[in-house]
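Chemist: Would you mind keeping the following structure in view while I ask a few things?
Given below as structure tokens:
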């Protein structure tokens, strides 16, 4: 004989059955959580490599200032330095040879490419009627031995002078006297003695700076 249970008992049974189902569902969820692999940690960006910062480009050095151009300015006292402007110096110097030739130098003009002597030349000799003052080397010589050779006149290349005659004029020497020169030496017929009646040797010192 089937015994009917009270309605309350049946409801309770239903409640217990629901609780069992809930319990099983929760257990399955827990089991699924345990079986699930742990979340893969987010990829961590590797630490940035501390690459050295590029070296700054070298600052170009400023271009050197152009060297000043040396000015070629004449300097007093410099050896060999020549005068750049003509100048004329008054002189009153006389030289006499034993053969009777007399040379008087009245001035010297130092130009830019030649040196000019203002001279008066005379000759007197009882043996010969003439002589030559530039038959051999005739020149101006400075203190260092540099020579300015005479420019021989076209109409009287040997400077021939007759007895009793006086020649007034200019003797031109090719070249310029150094600005530092204190004196010059005027030489006629180098190497000949002063008593040579054909071509007497004669030397005259010419002071240029007061002594």
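Residue numbers (the working numbering): 6 to 216. Every residue, glycine too, gets a C-beta built ideally from N, C-alpha and C.
1. Spatial neighbours of residue 148 within its chain, please: CB distance less than 7 Å, with the 5 preceding and 5 following residues excluded, ordered by chain position.
2. When we look at the beta-carbon of residue 105 and count the other beta-carbons within 10 Å, is it buried (16 or more) or exposed?
3. Between the alpha carbons of residue 118 and residue 146, how many angstroms are there, rounded?
4. Ignore the nearest five residues each way along the sequence and tell me which others in residue 152's own chain have a CB closer than 6 Å to its CB.
5. For residue 47, count neighbouring C-beta atoms within 10 Å of its own C-beta (all shown protein chains included) and say buried if the count is 16 or more, exposed if not.
6. Using CA atoms only, rank isn't needed, just tell me which of 141, 162, 174 and 115 is closest to residue 305.
7. Between residue 199 and residue 125, what straight-line distance do the alpha-carbon atoms span, to the nearest angstrom?
8. Roughly how many whole angstroms lie between the Cα atoms of residue 75 and residue 112?
9. In whole angstroms, what is the alpha-carbon distance linking residue 72 and residue 177?
Modeler: Once the coordinates are examined:
1. 186, 187 and 188
2. buried
3. 16 Å
4. 144 and 146
5. Unreliable placement is indicated for residue 47, whose pLDDT of 46 sits below 50; the coordinate value is still reported in the next sentence. Answer is exposed; the Cβ neighbour count stays below 16.
6. The displayed coordinates of the chain run from 6 to 216. Any statement about residue 305 would go beyond what the structure contains.
7. 18 Å
8. Residue placement at residue 75 is poorly supported in this model, since its pLDDT is 34, which falls under 50; the coordinates still yield a value, given next. Computed Cα separation, rounded: 35 Å.
9. For residue 72, the pLDDT reaches just 46, beneath the cut-off of 50, and the residue's location in the model is therefore unreliable, leaving the point undetermined.
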